[in-house]
Every structure is written in structure tokens, then in C-alpha cells.
Amino acid sequence: MLDNFVNQFWPNTIDGLSLGAIYALVALGYTMVYGVLRLINFAHAEIFMVGTFASVFTIQALGVSEVGGLGLIGVVVLLALVSGLVSGGSAVLLEATAYRPLRKRGASRLAALISAIGASIFIQQLFATIGVPLLFDTSKEAGKLPVNSHFVERSNVIDLGPIQVSNDKLIIFLGAILMMIALDQFVNRTKLGRGIRSTAQDPETAVLMGVNIDRVVTATFLVGGIMAGVAAALYIVRFEQAWYFTGFLLGIKAFTAAVLGGIGNIRGALVGGFALGLFEAYGASIFGSGWKDVVAFSVLILVLMFRPTGILGESLQQARA
Amino acid sequence: MERLGTLRRNMLRVTGAVAMSAVLALGAGACSGGDDGKGGGGDGGITIGFMGDLTGENSGLVIPPYQGAQLAVEQYNATNPKTKITLKKYDSQGKPEQATTLIQGAVKNDKITALIGPAFSGESQSVGPILDEAKIPSITPSATNVTLAEKSWKYWHRAVADDAVQGTGAGGFIADQVKAKKVFTVHDNQDYGKGLADSIANVVKPKGAQVQTDAVDDKASDYSSTVNKIKQFNPEIVYFGGYYSVAGKLFKQLREAGYTGKMMSGDGSLAAGLVEGAGQKNAQGALLSCGCVIDAEGKVSAKSKKFAEDYKAKFGSPVAIYSSEGYDAATALIEAIKAGKTKSEDINAFLKTVDFEGVGKRIKFDDKGELASQDIYVYQVKDNTIPLLGKSTEAKPA
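Note that the protein sequences, when read in sequence, are chains R and A.
Residue numbering for the first sequence follows this note's numbering, starting at 1 and increasing by one per position.
Residue numbering for the second sequence follows this note's numbering, starting at 1001 and increasing by one per position.
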């Protein structure tokens, strides 16, 4: 019980942070879309899944194996680029096909939500039945099986007695932080970022002030998709396995992280992601791994009871520099 | 504030609906039984069903017994017998609710005379009572949960030793052959995996081993908290009860975290997918226990050698898990039909007396439907194959 928590504190902290970094990156997509459109984009989990397949496909195409050290950083940058582009593109396509037609006709938010669920199941099954067999040249039945690709040579880059950090975990953590800083700069410093913030604050006034809503929405989906794609590349570095159903659980976790931090709030998604990763790791060490989701969701409920808008509160508009 | 409250309530309700519809959609995802038998014969022939996860995540465990059964039926039909057999497959995806729907169709519409399967224990729990009521005999090649034999179903049989026998065999192997003093068991919180992990613990504890346990979520990809517990405990051997998709991920993360002890799992992990999932390097030396005989080199008997050759010739791949059990289960039914029993009840009565040397083990059922043979075999990963190491009482881990 508690001695487990004390004895395994450092490894669990490191694992919690590296998994939390992935949650946080995916949570950004949920939170940005919610901030701008007040829509929970459930198909975002599938955008992440598409990214994992893009990464695995790239690795197999490159034929790399046993990469470590600086070579690994190079491979990760390449994977992040490919997956970011593929996921970003998929997200823009998703918006154009599943949400924009509804938005143009002034459909209710509930209709968009159903569309999101439909899109999510569609993309999953598309990969399970056609995508995976086609991409990886396997039999039709194998579409539902995970695709493995082992390419990382792991070693400890930080070794301070109890604190041991392997190269992949360090790359995930630093990569995620880097992406978050980039996003923060984008939202707070660029013209398009200002457009996103103003649309989140008050869409009607934003239009009157000359903001092109369609461009803002497309940009939001693109950026959210890129974040999910980078998260997918980092996920593949750690787990080396893509599966059509991966998005389901990870999507729920990332959505939880977004709500925990305060949905609509970019910095909230970061805090929520890391917090959820740590709660899961600590919860598992105290109560057993079977209980880690129970612990994580109990914490979520507790936080929402006392802070109904999440740890950092709602709204993108408040996230200024 | 109030507005927010309603919003959030609505959102929660919607999230619930999302979860429901996701589950429903999954259930409806794929549910069609193919028909690839030839059928037709002197007297119209009879239909035997095969049920299991033929396309899902764990289909690697179910396709080999299906192919074994297919081979037996084809060899029998090739002799041009009076009563030809059609083997009809039912893809339950290993899901109890899907299996229940399928079996009702199989009984009412397809009028199956007997069933091989269901492949897994969970689905067997829900299919068993239906078959018992319809008085249709079944032989499962691979469902190993102990409680299945305790339901007093009169039409149920299995061609493989149960989890308790496997637990005793594998536990004995861990205690006596590996001589482990510290054992860590992990399971996936499901009937099969937990039952197996618990029985291992129950066998090794009285022999003086310290045991710790943890559970993992089979849908998750990150097992680091379990890995951290194992590293802390530093056991000589980790035993995982569950299926290969999880075992692969667990073994990979264990080795990557620097765990150097032995890793072992049960029949659910005895598939090529284990090596693929863990990565060849990480999977090396992993041990697997099973009540099944997978004898690609034909070491066990002349019959198993011939079966291995026929199987390889027909399917282009070496014999795999439960292929011999699938063959033997089909053979038991074929023996009944050869003896002129073509009614479900007569076949069931015949199965009580059947006794022959199968391609794997001796096939003889006790009055509960359990296999009389209690042998457990141990396998060990070598490169990308999982060859037989020997019986659990004799095998020496490399």
C-alpha cells in the first residue's frame, strides 16, 4: 500500500509525467475546439489514432531499427512531422465533412455531437477493415490486430540512483513541452491566434470585427490535429504499437484531462494532462493497477465538486500572455 | 452558475449516451457466420458448427483449432462416407453477447447437430445453457475455465485440461523446476486470466514462495505502474494470466524497464502475436504453459507427426495453438458419426464412451465432460518460434 507509494515514487512520477505529456497534447485538441465551437469533438481520438498509424508506417518504410541517441531524436522529429501533417490534414478534412455542413445550416450542438460520434466510429472501422490491410499489406482479417514496429534502442540518460529516466521518456516529455510552448506562442502572438481567442470570447463580435470564422475554425482543427499527431509520434516512440482502437481509451483520458484542467483553457489542458498522468500512476501504486482509473476519475469528480470549471477554470479567452 | 450547471448535466448525460452508443456500435460491428463447407452427401449430411473469435483481437488463438477441425472434416469427407459433414463457422469475436445471438441462430435456423467451441471461457458460460436446453453436444478445444465443468451441463465436453490443472502444472514447474522463491503474478481481471494467476499463487505459496499480485487493464497500453511494482519486488519469475495481446505489451515494458528475471504466461499467450507484440529481443526465453500439444517437429508420436505434416501441407503454416485439439474434437464427433450416430442425443451418448489416441493427447471424457488426461506442457520462445520444451514435470528452463 503506502510503502509501495513511497518506494516507487520516482519511477511512477517519471512514468506519470511522460504519459501525462501525451494526454496533455491530445487534450489540447479537445479544449481548443471546445473553446471555439463549444463542441466536444469526440472524433479527435481517431485523429490521434490516424497519427499512430502514420508513424508506424513511416518507421516501416524507413526500415530503421535499434535507433538510440541523437539518431532517435532525428527519427522522432521526422515522425512528428509526418504524423503531425497527416493528423492535421485529417482533422481539417473531418471538420470540412462532418461539422462544417452542419454549422452552415445552423444545426444544433447536439447534432454536431452525434456527427462526431459517427465520424469516430467511421474512422475506426475504416482503418480496421480497409486502411490497415491496405497500408501494411496484410490479410483482411488482420486489420483489427495491432501493428508492431520495434525500432527504439532504450537507455537511461539520467541515472541518479532512484531517479532513472530513459531516453524515450525524456524525449516525450521535452517534445510535449516544446509543442506546448509553440502553441502558446501561436495563440498569443500571431494574428490567427488572436482570431482564435476572439472567436472563443464572442463569435458574433469577432465576425463584426472582421475575423474570418471559417479560417479560424479550420486553423483550430489544424493546430489541434497537429498536436494529436505529435502526441501520436511520441506515443509510438514509447509503445511501438498502432491499433485501430487505441484512440478510444486514450481519447477518454485526454478528454478527462481537458475537463480536469478546465475545458476551453489551453494551459488547463496541460495541467490536466500531467495531473491525470500522475494521479493514475500514484493511484495504481497505492491501490493496485486495476484501480488506477477509479482513482483518476474519483479525483476528477472531487475537483469538479469544488471547482466545477476545472483546475484552471473555463475559457480560452482568459489564456493571455 | 445555474446555466453552467445544466450545461454540465446535459454534457454528462450526453457522454453517457456516447458510451452506450459506442458499445452498441461495437457489438453490431461484425457478426456474420460464413459458410465454407461443401455439404451434401448420401443422406444430406449433417452440420457441425465451430464458434470462436475468428477475426478479432485474439483470433490468433482460434484460427488454428478451426483449421484443425477443418482438416479433420475434409479428411473424413474425402473418404466418401455415407453421412458427409458440413463445418459451419460462427464468428463470435469472443464476445459472450454475440455468441448468444449466434448460437440461437445456429440451433434454430442452421440446425447444427453438434458444436466445436466456443473457443473462450466467457462465451462458453453463456452458450452452455442454451446448448444444454437444445440437447446439442459441444466439445470446446480451448475454453479452460474451471467452473465450466461445474455447471452439470450434460452436453458439454472439452478436449483440453482446465485452468486448475494448468495452474497446478505451471505452478509445479515454477516451484520445482525453476525453483523460484519470489513469484509475481499479473492478470487482466477476466475469468480466465484471474483464475489462472490465482491458481498459480495457490500452488507456489505452500511450497514456500513469496507471492505478489497486480492486475492490468487489457485495453490500456501503459503498464508502467505494474512494471514498477515488479521491479521493486524483484521476483525470479513473473507469471501473467491473460491473452497474448496484453502479455506482449507487458513483457516488452518489463524488459525495457530493465527486469532480467523469467517471464511466463499461459495458453492464452501461446501465439506468434506474443513475440510480435513484445519484440523478438524482449520475448526471448519467455515461458508458456498449456494443456495443449503443439508439436511441429512430430516429437510426441507418429500420429502427431503426420498431423503436423498434413496441416503444414494444407495451410502453409506449421501447427499452432489448439490446432491438434480442434482436430481431435472434430475427430471425436466424426468417430460418433462413423458409428452411425447422426442424432445429437446419440452423439452425446457416444462421447461418454469415446476413447482413442488423438493427434495430441488421448481423448477420453469423464462424466463431467472433462478430458481424462491431465498433462501440462511448457513451451519457450526461441527466436520467433515457440517450440515445445517438454511436460511441466520434466521440462528444464534454458
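Beta carbons: idealized from backbone N, C-alpha and C, even for Gly.
Please read these numbers as outputs of a predicted model, since none were measured by experiment.
Report all residues from its chain with a CB closer than 7 Å to the CB of residue i; omit the five preceding and five following residues, and keep chain order.
i	result
residue 286(R)	1, 2, 4, 5
residue 1300(A)	1293
residue 219(R)	192, 196
residue 179(R)	25, 227, 230
Check whether the Cβ atoms of residue i and residue j sit closer than 8 Å, and answer yes or no.
i	j	result
residue 1123(A)	residue 1141(A)	no
residue 249(R)	residue 1312(A)	no
residue 1102(A)	residue 1050(A)	no
residue 1341(A)	residue 1347(A)	yes
residue 1291(A)	residue 1160(A)	yes
residue 136(R)	residue 147(R)	yes
residue 169(R)	residue 18(R)	yes
residue 33(R)	residue 25(R)	no
residue 1163(A)	residue 1144(A)	yes
residue 1402(A)	residue 1191(A)	Missing from the structure shown is residue 1402(A); chain A here goes from 1001 to 1398 and no further.
residue 272(R)	residue 258(R)	yes
residue 1148(A)	residue 1138(A)	no
residue 295(R)	residue 310(R)	no
residue 313(R)	residue 35(R)	no
residue 177(R)	residue 238(R)	no
residue 1076(A)	residue 1063(A)	no
residue 1278(A)	residue 1251(A)	yes
residue 85(R)	residue 58(R)	no
residue 1245(A)	residue 1057(A)	yes
Is residue i close to the ligand GTP? I mean its beta-carbon at under 7 Å from any heavy atom of the ligand.
i	result
residue 10(R)	Among the components modelled here there is no ligand, and therefore nothing to report on the ligand GTP.
Cutting at 8 Å between CB atoms, please list the residues of its own chain near residue i, excluding the five before and the five after it.
i	result
residue 139(R)	133
residue 111(R)	102
residue 154(R)	68, 166, 167, 168
Listing by chain order, which chain A residues have their CB less than 8 Å from the CB of residue i?
i	result
residue 19(R)	1222, 1224
residue 12(R)	1224, 1225, 1228
Please go through the same chain and pick out, in chain order, the residues whose beta-carbon is closer than 6 Å to the beta-carbon of residue i, but skip the five residues on each side of it.
i	result
residue 1364(A)	1355, 1372
residue 1393(A)	none
residue 253(R)	23
residue 1318(A)	1296, 1312
residue 29(R)	44, 224, 227, 228
residue 186(R)	193
residue 1367(A)	none
residue 53(R)	242
Could you name the residues of chain R that residue i contacts, counting a contact when the two beta carbons are closer than 7 Å?
i	result
residue 1215(A)	288, 289, 290
residue 1056(A)	144
residue 1256(A)	154
I want to verify the contact list: residues of chain A whose CB lies under 7 Å from the CB of residue i, in sequence order.
i	result
residue 150(R)	1279
residue 324(R)	In the structure displayed, chain R extends from 1 to 321; residue 324(R) sits before or after that span and is not available.
residue 249(R)	1219, 1220
So, helix, strand or coil for residue i, using DSSP?
i	result
residue 156(R)	strand
residue 1178(A)	coil
residue 1371(A)	strand
residue 1040(A)	Unreliable placement is indicated for residue 1040(A), whose pLDDT of 39 sits below 50; the coordinate value is still reported in the next sentence. Three-state result, residue 1040(A): coil.
residue 144(R)	helix
residue 1357(A)	strand
residue 1238(A)	strand
residue 211(R)	coil
residue 1338(A)	helix
residue 1262(A)	strand
residue 243(R)	coil
residue 1210(A)	strand
residue 1153(A)	coil
residue 1114(A)	strand
residue 1317(A)	coil
residue 1099(A)	helix
List, in order along the chain, the chain R residues whose C-beta lies closer than 8 Å to that of residue i?
i	result
residue 1189(A)	290
residue 1384(A)	Going along chain R, no residue has its Cβ under 8 Å from residue 1384(A), so there is no contact; the nearest lies around 12 Å.
residue 1232(A)	4, 7, 8
residue 1276(A)	148
residue 1317(A)	The premise fails here: residue 1317(A) is roughly 12 Å from chain R at the closest Cβ pair, so nothing lies under 8 Å.
Residue i bridges to which residues according to DSSP?
i	result
residue 1362(A)	1357(A)
residue 1087(A)	1048(A)
residue 1377(A)	1290(A), 1391(A)
residue 37(R)	Paired residue(s): none; residue 37(R) is not in a bridge.
residue 1382(A)	1385(A)
residue 1187(A)	1215(A), 1241(A)
residue 165(R)	158(R)
List, in chain order, every chain R residue whose beta-carbon is nearer than 9 Å to that of residue i.
i	result
residue 1229(A)	4, 8, 284, 285, 288, 289
Mind listing the chain A neighbours of residue i? Cutoff is C-beta to C-beta under 9 Å, in chain order.
i	result
residue 137(R)	Those do not exist, as residue 137(R) stays about 15 Å from chain A at its closest Cβ, beyond 9 Å.
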